[in-house]
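K.L.:
Please see the structure below; I have some questions.
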Amino acid sequence: LDLIQKDLQFNRLSLPGAENETRLKEDSAFWGRFAFGERWAEKKARIQASSVFGSEKGWDLTGVIIKSNDDLRQEAFAMQLIELSSEAFELVGLELWTYPYRILATGRSTGIIEMVRNSMSFDSLKKRPGYEEGGLLGHFKKMSEYAADPNEALKAAKKNFVTSLAAYSLLSYFFVFKDRHNGNLLLDTAGHVIHIDFGFIFGIAPGGSFSLEQSVPFKLTEEMIEVMDGLNSVLFSEFVTLFCCGFLALQAHWETFETIVGITCEGSTFKCFEGKDSNEITLKMKERFCPHLSKEETVSFAMDLIRQACNATGTKQYDFFQYMSQGIAA
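In this note's numbering, the protein residues as written are 12 to 341.
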């Protein structure tokens, strides 16, 4: 109730200008609501209290997006690959975090997508008032500044950022996730990065052969590196370690991925496979896994991918293109 009162005060702008914002952003909980809106637990409790069925046994609430004129079977397939990768990480005890949300394709042009709770896109976050003052790192600091232990809260959020960023960077490379503009990257209230929208995978990309992203193995921007305290930091070293270890973990199962992709793309109507040679697709994927390399050579190859991704020109150009053409924040 206290948080709701603060929201109402903010909406009424009861105090002038900067004084109002300073007072109302006095704790990290309010900042979280200001940036992300109503938390899912709060929304669920509010709706349950107002529902005539709220007291019934088994009552629950799920947020979904209903889509039409879009084939979600390819999206569902991408999610299966993400789940398999997560299992490979768990088998070797790696702290690589992903969020495989549920997708139900109800037909070739309709489907249902589970909403990712307590999150917002980088695009929406960048357009929030006050974001430009401290950027992405400033957002992390505001989220943890008034916690019981600010240092530990910031440390935990950055840790979540690193473990999720490393995981999705690997998946972006192996399965060639493209169209990675800031509208397709989410950040949750715990600091995790979550990728969504897999309409461009396995070699297809906006712009086709002229795609600005084709030369970039995965998205790693200057702001992301800043959250990890720079290239010479302990956190960035942890990112590199997780990326290299995750590469080895997925490489060990390359035959499983090759089989699954090979079977799926045979005669498939998915945009990423339709009209393409299945042998060529699986051969290119096998090359990305580098099964012929030794462990030392694989680590060296993985580190070279990180070097290529760091502030890549293609990433900057694509974000700028999306800003100019779609208004998506760069």
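By construction, the Cβ of each residue, glycine as well, lies at the ideal position given by its N, Cα and C atoms.
(1) Would the beta-carbon of Ile339 fall within 8 Å of that of Asn193?
(2) Check for me: the beta strand (DSSP E) holding Asp199 runs from which residue to which?
(3) Can you grab the Cα-Cα spacing for the pair Ile274 / Val127, in whole Å?
(4) Residues in its own chain within less than 6 Å of Ala191 by CB, not counting five upstream and five downstream?
(5) Is Thr121 helix, strand or coil when you go by DSSP?
(6) Shortest alpha-carbon distance to Asp71 belongs to which of Arg84, Lys55, Asp330?
(7) What residue range is occupied by the uninterrupted beta strand (DSSP E) comprising His206?
(8) By a C-beta neighbour count over all protein chains shown, 10 Å radius and 16 as the cutoff for buried, is Gly257 buried or exposed?
(9) Out of Cys255, Lys282, Met239, Pro161, which has the shortest C-alpha to C-alpha gap to Asp315?
(10) Give the secondary structure of Cys255 by DSSP, where H, G and I count as helix, E and B as strand, and everything else as coil.
(11) For Lys287, name the three-state secondary structure that DSSP assigns.
(12) Work out the CA separation of Met131 and His203 for me, nearest whole Å.
(13) Under a three-way DSSP split, which group does Ala52 fall into?
(14) Can you tell which of Lys153, Pro140, Phe247, Asn129 has the C-alpha that lies nearest to the C-alpha of Leu165?
(15) Look up Val127 in the DSSP assignment and say whether it is helix, strand or coil.
(16) How would you label Ile124, buried or exposed, when you count the other beta carbons within 10 angstroms and need 16 or more for buried?
(17) Counting along the chain, where does the beta strand (DSSP E) carrying Val75 start and finish?
(18) Opposite Ala116 in the DSSP bridges: which residues?
(19) Rounded to whole angstroms, what is the Cα-Cα separation between Gly241 and Ile207?
(20) Rounded to the nearest angstrom, how far is the Cβ of Ala343 from that of Leu261, given a contact under 8 Å?
(21) Using the rule of at least 16 other Cβ atoms within 10 Å of the residue's Cβ for burial, across every protein chain shown, is Ala52 buried or exposed?
(22) Leaving out the 5 sequence neighbours to the left and right, which residues in its chain are closer than 7 Å to Phe250 when beta-carbon positions are compared?
(23) Between the alpha carbons of Ala10 and Ser244, how many angstroms are there, rounded?
(24) Between Thr232 and Asn322, which are expected to be in contact by the criterion C-beta below 8 Å, what is the C-beta distance as a whole number of angstroms?
(25) My understanding is that Ile114 touches Leu83, with C-beta atoms under 8 Å, so please give their C-beta distance in whole angstroms.
P.N.:
In short, the structure shows the following:
(1) yes
(2) 196 to 199
(3) 30 Å
(4) Just to set this straight, residue 191 is Arg in the shown sequence, not Ala. So the list reads Lys230, once near-sequence residues are dropped.
(5) In the structure shown, the three-state DSSP call for Thr121 is strand.
(6) Lys55
(7) Per DSSP, His206 is one residue of the beta strand (DSSP E) stretching across 204 to 206.
(8) buried
(9) Cys255
(10) helix
(11) coil
(12) 11 Å
(13) helix
(14) Lys153
(15) DSSP places Val127 in coil when its eight states are reduced to three.
(16) That one is buried.
(17) 75 to 79
(18) Gly122
(19) Approximately 26 Å between the Cα atoms of the pair.
(20) Nothing about residue 343 can be reported from this structure: the residues present for the chain run from 12 to 341 only.
(21) exposed
(22) Val173, Leu176, Ala177, Met239
(23) Absent from the structure is residue 10, since the part of the chain shown begins at 12 and ends at 341.
(24) 7 Å
(25) 6 Å
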